[in-house]
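Working notes, beginning with the structure itself.
There are 2 protein chains.
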Amino acid sequence: MTTKAPRTERRTDALSKGKIVETAIQILDEGGEGALTFRALATRLATGAGAIYWHVADKNELLAAAADDVVAGVMAQVGDDAGDPKATIRTIALGVFDAIDAHPWVGAQLFREPWRAATVQIFEGVGGRLEALGVPDAGLFDAASAIVFYVLGVAGQNAANARLAREAGRTDRGAFLASVAARWDQLDPAQHPFVRKVASRMRDHDDRQQFLAGVDLFLAGIEARG
Amino acid sequence: MTTKAPRTERRTDALSKGKIVETAIQILDEGGEGALTFRALATRLATGAGAIYWHVADKNELLAAAADDVVAGVMAQVGDDAGDPKATIRTIALGVFDAIDAHPWVGAQLFREPWRAATVQIFEGVGGRLEALGVPDAGLFDAASAIVFYVLGVAGQNAANARLAREAGRTDRGAFLASVAARWDQLDPAQHPFVRKVASRMRDHDDRQQFLAGVDLFLAGIEARG
DNA sequence: ACCTGAACACCGTTCAAGT
DNA sequence: ACCTGAACACCGTTCAAGT
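Protein chains in written order, with this note's numbering: chain A, 57 to 282; chain B, 57 to 282.
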């Protein structure tokens with residue numbers, strides 16, 4: 057009697073949105089945004105490309121769900137931290153920074169879908185702490201928005217840097233910064249005196265620490281405003 | 057005697073990178089990012105799709121050149137303004153804001169190509185004025201970066217909002233903000249107390265004024281730091 | 001040197017057909 | 001209800017062939 061060993065790689069467990077999003081995140085992390093296609097996703101899920109559409113409306117929803125997952129993980133780690141509000145804001149900001157450092161595609165996605173779940177989570181976390189800090193109601197919306205926009209701005213640039221570095225085949229951040237600084241050194245001193253002056257700092261600086269310095273500038277401004 | 061009227065739409069003047077970029081900007085402004093394809097561009101230029109590659113390396117370079125053009129226009133208007141540095145920084149920031157409001161695709165592009173010509177121009181303009189403001193060298197790079205990241209963050213979100221509003225078929229910004237606020241009103245009050253609280257401000261606020269409030273927060277922070 | 005336009009190697013998405 | 005996979009309508013890019 058012959059055993060009926062399945063020759064194909066067909067999956068046996070049912071597909072689900074969660075499983076699809078999880079696999080999409082794997083592909084995005086491994087190969088960047090360009091690697092996520094419905095065909096590649098279907099192959100890895102051992103199913104047909106069309107099957108995915110039963111669980112997910114389109115690629116946009118898939119990317120949004122993946123980004124929401126990553127940001128939710130960050131915010132869950134922060135939790136209901138009721139300590140020093142300023143410290144917690146720094147923790148949230150750094151958490152988003154590090155998450156986008158680890159998953160650069162999230163940075164791009166936060167830009168495509170403004171004011172959706174992922175961004176709203178960050179906004180809630182920052183805004184609540186500004187309230188706890190005693191920022192008056194009149195300035196609360198503007199202050200929270202400003203910090204979130206700043207975080208997103210850095211996030212987006214970092215993600216783009218990571219993508220460019222990947223495309224150039226270098227994973228080394230130092231080499232990337234050096235190449236930017238080298239380009240700056242070639243600029244016309246008459247037209248770009250400032251950029252030329254700070255080119256060496258571009259070479260040496262730590263992105264993460266610079267990011268935090270910006271957050272602190274904001275917090276200092278908010279405090280100065282009373 | 058019959059006049060030799062050309063029946064075809066073939067162009068007679070030579071193609072050039074400038075002409076290509078100019079036409080690309082037209083298409084982008086009229087139809088958004090999705091409208092710019094090499095086929096559409098070639099049709100409007102009355103040439104073949106392949107001809108464009110003689111003048112432009114690829115689509116990335118085309119978009120970068122188009123964005124550089126727009127930002128250069130903004131910075132040219134600011135010029136060498138040697139007045140109050142803080143006022144000039146506000147002028148630069150608002151100029152970038154308005155330019156991206158008018159050309160949303162520029163916002164997306166500034167993110168794809170970090171630290172290239174367009175961003176460097178803004179960085180130079182802001183950094184030079186911070187220097188004039190007396191910001192000490194040690195904090196200059198961080199402060200200029202922070203403002204530029206903030207500007208880019210707002211720019212990117214605005215561009216995304218404009219894109220979504222276009223896709224939804226509504227050009228009215230008020231209607232868009234109202235729809236976001238309505239979504240926020242539906243959120244769980246236990247999980248999103250802050251967002252629910254400021255939902256009405258989302259409905260009423262002025263993006264441009266909020267943007268400027270953020271710039272001022274930064275400047276206040278920079279001043280408070282001495 | 002510059003341009004043509006068909007061809008190539010992809011995409012996201014749809015949908016009749018299966019189970 | 002859920003899945004298959006061929007087919008459709010696009011893309012960016014290349015390249016032999018023209019002028």
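From the three backbone atoms N, C-alpha and C, an ideal C-beta is built for every residue, glycine too.
{"query": "Would you kindly report the start and end of the unbroken alpha helix (DSSP H) that includes residue 89 (chain B)?", "result": "It is not in any alpha helix (DSSP H) - residue 89 (chain B) carries neither H nor E in the DSSP assignment."}
{"query": "Given a threshold of 16 other Cβ atoms within 10 Å of its Cβ, counted over all protein chains shown, does residue 217 (chain B) qualify as buried or as exposed?", "result": "buried"}
{"query": "Alpha carbon to alpha carbon, how far is residue 224 (chain B) from residue 236 (chain B)? Give it in angstroms, no decimals.", "result": "13 Å"}
{"query": "Got a sec? Which residues, its chain only, sit under 7 Å from residue 179 (chain A) by beta carbon, not counting five neighbours each side?", "result": "200 and 204"}
{"query": "Tell me, please, whether the region 121 to 139 of chain B touches the region 173 to 191 of chain B by the rule of three or more beta-carbon pairs shorter than 8 Å.", "result": "yes"}
{"query": "So, with DSSP's three-state summary, where would you put residue 102 (chain A)?", "result": "coil"}
{"query": "Using a Cβ-Cβ cutoff of 7 Å, what residues of the region 76 to 90 of chain A are near chain B? List them in chain order.", "result": "none"}
{"query": "Taking the alpha-carbon of residue 103 (chain B) as reference, which of B:148, B:72 and B:82 has the nearest alpha-carbon?", "result": "B:72"}
{"query": "Taking 8 Å as the CB-CB limit, is residue 277 (chain A) close to chain B?", "result": "yes"}
{"query": "How about residue 215 (chain B) and residue 163 (chain B): do their beta carbons lie closer than 8 Å?", "result": "yes"}
{"query": "In chain A, which residues lie less than 7 Å from residue 217 (chain B) when you measure between Cβ atoms?", "result": "170"}
{"query": "Less than 6 Å between C-beta atoms, sequence neighbours within five positions excluded: which residues of the same chain meet that for residue 122 (chain A)?", "result": "77, 80 and 81"}
{"query": "Show which residues of chain A have a CB atom less than 7 Å away from the CB atom of residue 187 (chain B).", "result": "250"}
{"query": "If you follow the alpha helix (DSSP H) that residue 243 (chain B) is in, where does it begin and where does it stop?", "result": "Here residue 243 (chain B) belongs to no alpha helix (DSSP H), and DSSP marks it neither H nor E."}
{"query": "Helix, strand or coil for residue 208 (chain A), going by three-state DSSP, please let me know.", "result": "helix"}
{"query": "Should residue 159 (chain B) be flagged as near chain A, meaning a C-beta pair shorter than 8 Å?", "result": "no"}
{"query": "Listing by chain order, which chain B residues have their CB less than 9 Å from the CB of residue 117 (chain A)?", "result": "Those within 9 Å of residue 117 (chain A) in chain B number zero; the least Cβ separation is about 14 Å."}
{"query": "So, helix, strand or coil for residue 186 (chain A), using DSSP?", "result": "helix"}
{"query": "Beta-carbon separation of residue 264 (chain B) and residue 233 (chain B) under 8 Å?", "result": "no"}
{"query": "At 8 Å on the CB atoms, spell out the chain A contacts of residue 206 (chain B), in chain order.", "result": "202, 205, 206, 209 and 270"}
{"query": "Just to make sure I have the definition right: I need the residues of chain B whose C-beta is within less than 9 Å of the C-beta of residue 261 (chain A). Which are they?", "result": "197, 198 and 201"}
{"query": "On the criterion of 16 or more Cβ atoms from any shown chain inside 10 Å, does residue 206 (chain B) qualify as buried, or is it exposed?", "result": "buried"}
{"query": "So does the region 146 to 161 of chain A actually touch the region 265 to 275 of chain A, counting three or more Cβ pairs closer than 8 Å?", "result": "yes"}
{"query": "In chain order, what residues of the same chain have a beta carbon less than 7 Å from the beta carbon of residue 243 (chain B), not counting five sequence neighbours either side?", "result": "251 and 252"}
{"query": "Comparing the C-beta of residue 273 (chain B) with each C-beta of chain A, is any distance below 8 Å?", "result": "yes"}
{"query": "For chain A, check one thing: does any of its Cβ atoms lie closer than 8 Å to the Cβ of residue 190 (chain B)?", "result": "no"}
{"query": "Report the three-state DSSP secondary structure of residue 281 (chain B) (helix, strand or coil).", "result": "coil"}
{"query": "Taking the runs of the alpha helix (DSSP H) that are 4 residues or longer, which of them lie wholly in the region 137 to 198 of chain B?", "result": "141 to 158, 160 to 168 and 173 to 188"}
{"query": "How many Å lie between residue 75 (chain B) and residue 240 (chain A) at the Cα?", "result": "28 Å"}
{"query": "Return the residue from the list B:158, B:210, B:211 and B:183 that minimises the CA-CA distance to residue 198 (chain B).", "result": "B:183"}
{"query": "Go through its chain and collect everything with a Cβ distance to residue 91 (chain B)'s Cβ below 6 Å, but skip five positions before and after it.", "result": "83"}
{"query": "Does the beta carbon of residue 176 (chain A) come closer than 8 Å to any beta carbon on chain B?", "result": "yes"}
{"query": "So what's residue 201 (chain A) in DSSP terms, helix, strand or just coil?", "result": "helix"}
{"query": "What residues in the region 127 to 140 of chain A bring their beta carbon closer than 9 Å to a beta carbon of chain B?", "result": "none"}
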